[in-house]
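Residue numbers (the working numbering): 2 to 141.
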């Protein structure tokens, strides 16, 4: 069961937390294992940063347009910290790390901030899940 929570955390933090709650596991290990899965995916993407960035630039450089997406706006306004704050919620850690590398973020700084905010969101979302379950239990 924990391997599934970890594996789901590699893909999406939200999903890993939901899987843990679905199996009625203890909330603290759910948060830890989910966060470790998301951090692992960020590490893997950032480790292969140079080749990934080169591939992304070759693939998408010719597809630029005047209108930029929300992620580019966040990047321009808030930089690495803003991207690291939002990516566990919006894009997931692997895609957030890839976007950061594509925008030219320093890998060590990106990983540091992504780790901080993956842990932050893991705690916040786990606490919200526990409070939600307690609320449903009190309705019965």
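We put the CB at the ideal spot given by N, CA and C, even for glycine.
For residue 2, the three-state secondary structure derived from DSSP is coil. Taking the Cα positions, residue 125 is about 35 Å away from residue 55. By the C-beta density criterion, residue 139 is exposed, having fewer than 16 other C-beta atoms within 10 angstroms. Here DSSP, grouped into helix, strand and coil, assigns residue 25 to coil. Looking from the CA of residue 99, the closest CA among 123, 121, 73 belongs to 73. Burial state of residue 137 is exposed, judged by a 10 Å Cβ sphere holding fewer than 16 other Cβ atoms.
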